[in-house]
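2 protein chains.
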Amino acid sequence: MAKSLPRSPLAPAVFPDLPEIGGLRFAATAAGVRYQGRTDVMLAVMDPGTSVAGVFTRSATRSAPVLDCQAKLGSNPEHGAAILVNSGNSNAFTGHYGQTSVAEITSAVAATTGLPQDRVFTASTGVIGEPLPHERILTKLDELNGALSGSAIKDAAEAIMTTDTFPKGAATTITIDGKPVQIAGIAKGSGMIAPDMATMLVYIFTDAAYDQDKLQALLSAQNETSFNCITVDSDTSTSDSLMLCATGASGVDATDNAAFGEALREVMLDLAHQVVRDGEGATKFVEIQITGAANDAEAKVHGLAIANSPLVKTAIAGEDPNWGRVVMAIGKSGAQADRDRLSISFGDVLVAEKGWVAPSYKEDLGAAEMKKDDITLKVDLGIGTGVATVWTCDLTHQYITINADYRS
Amino acid sequence: MAKSLPRSPLAPAVFPDLPEIGGLRFAATAAGVRYQGRTDVMLAVMDPGTSVAGVFTRSATRSAPVLDCQAKLGSNPEHGAAILVNSGNSNAFTGHYGQTSVAEITSAVAATTGLPQDRVFTASTGVIGEPLPHERILTKLDELNGALSGSAIKDAAEAIMTTDTFPKGAATTITIDGKPVQIAGIAKGSGMIAPDMATMLVYIFTDAAYDQDKLQALLSAQNETSFNCITVDSDTSTSDSLMLCATGASGVDATDNAAFGEALREVMLDLAHQVVRDGEGATKFVEIQITGAANDAEAKVHGLAIANSPLVKTAIAGEDPNWGRVVMAIGKSGAQADRDRLSISFGDVLVAEKGWVAPSYKEDLGAAEMKKDDITLKVDLGIGTGVATVWTCDLTHQYITINADYRS
Numbered sequence: 000m001a002k003s004l005p006r007s008p009l010a011p012a013v014f015p016d017l018p019e020i021g022g023l024r025f026a027a028t029a030a031g032v033r034y035q036g037r038t039d040v041m042l043a044v045m046d047p048g049t050s051v052a053g054v055f056t057r058s059a060t061r062s063a064p065v066l067d068c069q070a071k072l073g074s075n076p077e078h079g080a081a082i083l084v085n086s087g088n089s090n091a092f093t094g095h096y097g098q099t100s101v102a103e104i105t106s107a108v109a110a111t112t113g114l115p116q117d118r119v120f121t122a123s124t125g126v127i128g129e130p131l132p133h134e135r136i137l138t139k140l141d142e143l144n145g146a147l148s149g150s151a152i153k154d155a156a157e158a159i160m161t162t163d164t165f166p167k168g169a170a171t172t173i174t175i176d177g178k179p180v181q182i183a184g185i186a187k188g189s190g191m192i193a194p195d196m197a198t199m200l201v202y203i204f205t206d207a208a209y210d211q212d213k214l215q216a217l218l219s220a221q222n223e224t225s226f227n228c229i230t231v232d233s234d235t236s237t238s239d240s241l242m243l244c245a246t247g248a249s250g251v252d253a254t255d256n257a258a259f260g261e262a263l264r265e266v267m268l269d270l271a272h273q274v275v276r277d278g279e280g281a282t283k284f285v286e287i288q289i290t291g292a293a294n295d296a297e298a299k300v301h302g303l304a305i306a307n308s309p310l311v312k313t314a315i316a317g318e319d320p321n322w323g324r325v326v327m328a329i330g331k332s333g334a335q336a337d338r339d340r341l342s343i344s345f346g347d348v349l350v351a352e353k354g355w356v357a358p359s360y361k362e363d364l365g366a367a368e369m370k371k372d373d374i375t376l377k378v379d380l381g382i383g384t385g386v387a388t389v390w391t392c393d394l395t396h397q398y399i400t401i402n403a404d405y406r407s
Numbered sequence: 000m001a002k003s004l005p006r007s008p009l010a011p012a013v014f015p016d017l018p019e020i021g022g023l024r025f026a027a028t029a030a031g032v033r034y035q036g037r038t039d040v041m042l043a044v045m046d047p048g049t050s051v052a053g054v055f056t057r058s059a060t061r062s063a064p065v066l067d068c069q070a071k072l073g074s075n076p077e078h079g080a081a082i083l084v085n086s087g088n089s090n091a092f093t094g095h096y097g098q099t100s101v102a103e104i105t106s107a108v109a110a111t112t113g114l115p116q117d118r119v120f121t122a123s124t125g126v127i128g129e130p131l132p133h134e135r136i137l138t139k140l141d142e143l144n145g146a147l148s149g150s151a152i153k154d155a156a157e158a159i160m161t162t163d164t165f166p167k168g169a170a171t172t173i174t175i176d177g178k179p180v181q182i183a184g185i186a187k188g189s190g191m192i193a194p195d196m197a198t199m200l201v202y203i204f205t206d207a208a209y210d211q212d213k214l215q216a217l218l219s220a221q222n223e224t225s226f227n228c229i230t231v232d233s234d235t236s237t238s239d240s241l242m243l244c245a246t247g248a249s250g251v252d253a254t255d256n257a258a259f260g261e262a263l264r265e266v267m268l269d270l271a272h273q274v275v276r277d278g279e280g281a282t283k284f285v286e287i288q289i290t291g292a293a294n295d296a297e298a299k300v301h302g303l304a305i306a307n308s309p310l311v312k313t314a315i316a317g318e319d320p321n322w323g324r325v326v327m328a329i330g331k332s333g334a335q336a337d338r339d340r341l342s343i344s345f346g347d348v349l350v351a352e353k354g355w356v357a358p359s360y361k362e363d364l365g366a367a368e369m370k371k372d373d374i375t376l377k378v379d380l381g382i383g384t385g386v387a388t389v390w391t392c393d394l395t396h397q398y399i400t401i402n403a404d405y406r407s
């Protein structure tokens, strides 16, 4: 963890140019929670009238900040809201001490920003099981509050990184009723990524107005086919948090607007894909398209079984078109499959069909597909109309190197 | 695959001295199915009156030999039985060609040995999705039949190896009604090991007599807490097969004998542990003891979640007492847990209790436990009386090296 990792070969060339969102300001600072020589705390403050929605890990051992955020969802949006996030320490499995830290931080942020405490949300990410030195954060609150700026979103994205090798941001602009509406988000995450229940740390903001209850429903639905369809290593964080805040500063009410939902999905998928592209040790970005399953839920089970299989992931790392391992993963998934109706393609190359290798398949065609940085695996179960798409990365020596020595 | 792997550092010093089992003879030969310069086919032939039981993978993409064996369970034991196994090619996902190969082999073995075809069982292990060149096996049947010997069990254990770095055998002798009864078994397996449904290739023999239906029930029950409680990499084979054959040559009927059941369990656990000790790239043998879960099934879910977590397995590889990752795995398992009732020990060192690090815990105590070759992780959920023990190994660079280049 202490050592600096090389930037992922799958990283985007540059951090995108994110728009300012009316009614929203950021600040970041170096509090020395665990890391030295970098920022590790970010504060976001939103104007009165901001709707806040969130989706969180369902881990049975979820962290104190997650439990606190969940309790506060639905609190009154009249008063605005704040989000404070630290990296370096997850404040997870820290007993009653963990709850005390959250209470101290949210109380102090409320006092500093003038917000009610039930509109102050926090998250902590980093090592599990060590007490959070929250005093280091408290002493920085006045500085953070004084530095709040509408243009500091990249600083915020950098402050929440842990083993990430690049900061993650995405944005889009749409027009509703002739007026522009902005959506921008940031994310962190590269390991312990299998958000079958929720996600890593993701914060998305819009200047649209949006009914808070309906915003929650929208976010939960979109999450199922974006963040809940990625996996790096099948391990699920105790701190996963996804929040969406709608300030209303644009003067446009986007509640139930279909185009807004689509635009939000675009930003969520962009961030989700960036998390996979920063998967620990990743050298390949893999999209797995499942069709013909008994139903959508079973399609996702098949997709995640393939995406989480160490043998599939190491074959991809070795650029080996080893479709036998894909067959194995489908077979073990527990979802319905018929060996003799399966067909499998790597990119546009049909590899196997009707229970055996396709007559047209040649090993060099499959091998050429596997040499690409971005690989698409297509599986048709031949049973029904269920579909799902999931995204993952390969499993390489660098994953072992990073994780066999994280705490040292 | 072609390259020879170094012997696992966790391997037993020597292959055990296995007893001859009355009514049972073996032979092995090199048929060149895929490998050169080594044996790759074994034949076992048992006398009339042998009861045969089997447990097989429930993979939805299981192989033609597995489907054939399952169809033959329960056939008449009066006629004896034969088992033929080849390594190098799993005859899985080979369409109708695969069924033809099985029919050709079982028909020819029946003709050669004088057994009915429904008492000839086969298995194939190795690469998936390539046609089995069964003619190479057929031409060796007369040689195998002529070489059958009561003392060739080690030859059989060697012939069924694939990525195994050592042959696996185990045996025990018990006395029933004043007479000695022998149990001896062999196994192969080191990767694609997560027999949540069945197991790898295991063949166990006894000279006890045993009612065939009750033998099947005994084997299925014992399997649940032995082979079904090990995992190397969470991936489940399309060929997993466990068979138990009781020749009756001792003249002792062991049906429903409790001591026999215990002795059988001992042999099964010994073989299961050897498979874990030969886990691809393994440098640590890990026993995970779960207590205090809501019930036994939930205890096993927790145990396997820990055992299959890449982050737990890489921490063990790095000799890092990273109990936070154990908490994470418990949290994601889906089984019931209460963060504040959990306690975790490494060996006899209490690490965490009541939702936080134990007051007595010191990092150097945990670190010393992690330096051992054999590591015990104990988790008490503090909820109920459910217990389970599972076994696994660590996840190392060598696993990546072996599996990123298997087919090349």
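The listed protein sequences correspond, in order, to chains A and B.
Take 0 as the starting number for the first sequence in numbering that gives the first Met the number 0 and just add one per residue.
Take 0 as the starting number for the second sequence in numbering that gives the first Met the number 0 and just add one per residue.
No residue lacks a Cβ here, since even glycine has one placed at the ideal position from N, Cα and C.
Predicted model only: the values in this text are computed from it and were never measured.
Any chain A beta carbon closer than 8 angstroms to B:ALA81 | Chain A, which has no Cβ nearer than 8 angstroms to the Cβ of B:ALA81, makes this no.
My output table needs one value for B:ASP141: the three-state DSSP class, helix, strand or coil. Here B:ASP141 sits in helix by DSSP.
How about B:LEU42 and B:LEU143: are their beta carbons less than 8 angstroms apart? A contact, by the Cβ cut-off of 8 angstroms.
| For A:TYR96 and chain B, any beta-carbon pair shorter than 8 angstroms? | Yes, because at least one Cβ of chain B sits closer than 8 angstroms to the Cβ of A:TYR96.
Q | Identified DSSP bridge partners for B:PHE120 | A | DSSP, once it has assigned bridges, lists B:ILE82 as partnering B:PHE120.
Nearest to B:ILE200 by CA position, among B:LYS213, B:GLY365, B:ILE185, is which residue?
-> Looking at the sequence provided, one finds Leu at residue 200 of chain B rather than Ile. With distances taken between CA atoms, B:LEU200 lies nearest to B:ILE185 out of B:LYS213, B:GLY365, B:ILE185.
query = Per DSSP, which one or two residues make a beta bridge with A:THR378?
reply = What sits at residue 378 of chain A in the sequence shown is Val, not Thr. According to DSSP, which records beta bridges pairwise, A:VAL378 is partnered with A:ILE289, A:ILE343.
I'd like to know whether the C-beta atoms of B:GLY188 and B:LEU17 end up nearer to each other than 8 angstroms.
Cβ atoms of B:GLY188 and B:LEU17: not closer than 8 angstroms.
Cutoff 8 angstroms: B:HIS133 Cβ touching any chain A Cβ = Closer than 8 angstroms: no.
Counting along the chain, where does the beta strand (DSSP E) carrying A:GLN181 start and finish?
-> In the DSSP assignment, A:GLN181 falls within the unbroken beta strand (DSSP E) covering 178 to 187.
In the structure shown, what three-state DSSP assignment does A:SER219 receive?
The three-state secondary structure of A:SER219, taken from DSSP, is helix.
- If you follow the alpha helix (DSSP H) that A:LYS331 is part of, which residue opens it and which one closes it? Start and end: 322 to 331.
#### Entry: Any chain A beta carbon closer than 8 angstroms to B:ALA208
With a threshold of 8 angstroms between beta carbons, B:ALA208 makes no contact with chain A.
* To do: Would you please state the rounded distance, in angstroms, between the beta carbons of B:GLY22 and B:GLY250? I believe it to be under 8 angstroms.
  => In this structure B:GLY22 does not touch B:GLY250 by the C-beta definition: roughly 11 angstroms separates them, more than the 8 angstroms allowed.
Along the stretch 373 to 395 of chain B, what residues have a CB closer than 8 angstroms to any CB found in chain A?
The stretch 373 to 395 of chain B vs chain A, Cβ under 8 angstroms: LEU394, THR395.
Excluding five sequence neighbours on each side, which residues of the same chain lie with their C-beta closer than 7 angstroms to the C-beta of B:THR112?
Excluding positions up to five away in sequence, the list reads VAL44, ALA81, ASN144.
**OP:** Counting only the same chain and skipping the five closest in sequence on each side, list residues whose C-beta sits under 6 angstroms from that of A:GLY128.
**Re:** The answer, listed in chain order, is PHE92.
Notebook entry, point to check: By a C-beta neighbour count over all protein chains shown, 10 Å radius and 16 as the cutoff for buried, is A:GLU134 buried or exposed?
Noted result: By the 10 Å Cβ count, A:GLU134 comes out exposed.
task: Please list the partners that A:ARG61 has in chain B, where partner means a Cβ-to-Cβ separation under 9 angstroms.
output: GLY330, ARG338, listed in chain order.
*Work out the CA separation of A:SER240 and A:VAL101 for me, nearest whole Å.*
A:VAL101 and A:SER240 have their C-alpha atoms roughly 15 angstroms apart.
Can you give the Cα-Cα distance for A:VAL51 and B:TRP390, rounded to whole angstroms? Just so you know, the alpha carbons of A:VAL51 and B:TRP390 end up roughly 45 angstroms apart.
Are three or more beta carbon pairs between the stretch 250 to 262 of chain A and the stretch 201 to 210 of chain A nearer than 8 angstroms?
The stretch 250 to 262 of chain A is in contact with the stretch 201 to 210 of chain A.
Chain B contacts from the stretch 286 to 313 of chain A (Cβ-Cβ distance under 7 angstroms): Using a CB distance below 7 angstroms, the part of the stretch 286 to 313 of chain A facing chain B consists of SER308, PRO309, LEU310, THR313, ordered along the chain.
request  = Alpha carbon to alpha carbon, how far is A:PRO76 from B:HIS272? Give it in angstroms, no decimals.
outcome  = Whole-angstrom Cα-Cα distance: 58 angstroms.
Would A:PHE55 count as contacting chain B if we go by Cβ distances under 8 angstroms? The beta-carbon of A:PHE55 is placed no less than 8 angstroms from the nearest beta-carbon of chain B.
CA nearest to the CA of A:ASP379, picked from A:GLY317, A:ALA367, A:ASN402, A:GLN288
Of the listed residues, the one whose Cα sits closest to A:ASP379 is A:GLN288.
Margin query: I need the straight-line Cα distance from A:THR49 to A:GLN116, nearest angstrom please.
Written below: Rounded to the nearest angstrom, the two C-alpha atoms are 15 angstroms apart.
- prompt: Between A:GLY365 and the rest of its own chain, which residues show a CB-CB distance below 8 angstroms, the 5 nearest in sequence each way excluded?
  reply: Only PRO320, TRP322, PHE345, VAL348, VAL350 meet the Cβ criterion.
* Asked: Which residues of chain B have a Cβ atom closer than 7 angstroms to the Cβ of A:THR93, listed in chain order?
  -> Simply TRP355.
- Query: Can you tell which of A:GLN69, A:MET267, A:GLY94 has its C-alpha closest to the C-alpha of A:ALA122?
  - Reply: Per the Cα distances, A:GLN69.
* **Beta carbon of B:ALA304 nearer than 8 angstroms to that of B:ASP393** => Judged by beta-carbon spacing, B:ASP393 lies beyond the 8 angstroms limit of B:ALA304, meaning their Cβ atoms are not closer than that value.
- [ ] Find the residues of chain A that neighbour B:GLY365, judging by a C-beta separation of less than 8 angstroms, and give them in chain order.
- [x] Within chain A, no residue has its beta carbon less than 8 angstroms from that of B:GLY365; the closest one is some 11 angstroms off.
query = Mind pulling the chain B residues with CB within less than 8 angstroms of A:GLY128?
reply = By Cβ distance, chain B contributes TRP322, GLY323, VAL326, ALA351, TRP355, VAL356.
Report task. Closer than 7 angstroms by C-beta to B:GLN98: which residues in its own chain qualify, once you throw out the five before and the five after it? Chain order, please. Result -> Counting only Cβ-Cβ distances below 7 angstroms, and skipping sequence neighbours, we find ALA63.
- Please name the residue in B:THR171, B:ILE136, B:PRO309, B:ALA107 whose C-alpha comes closest to that of B:ASN90. Taking each of B:THR171, B:ILE136, B:PRO309, B:ALA107 in turn and checking the Cα distance to B:ASN90, the smallest one comes out for B:ILE136.
Exercise for review: Output the boundary residues of the alpha helix (DSSP H) element that contains A:GLY260.
Suggested key: For A:GLY260, the enclosing alpha helix (DSSP H) begins and ends at 257 to 276.
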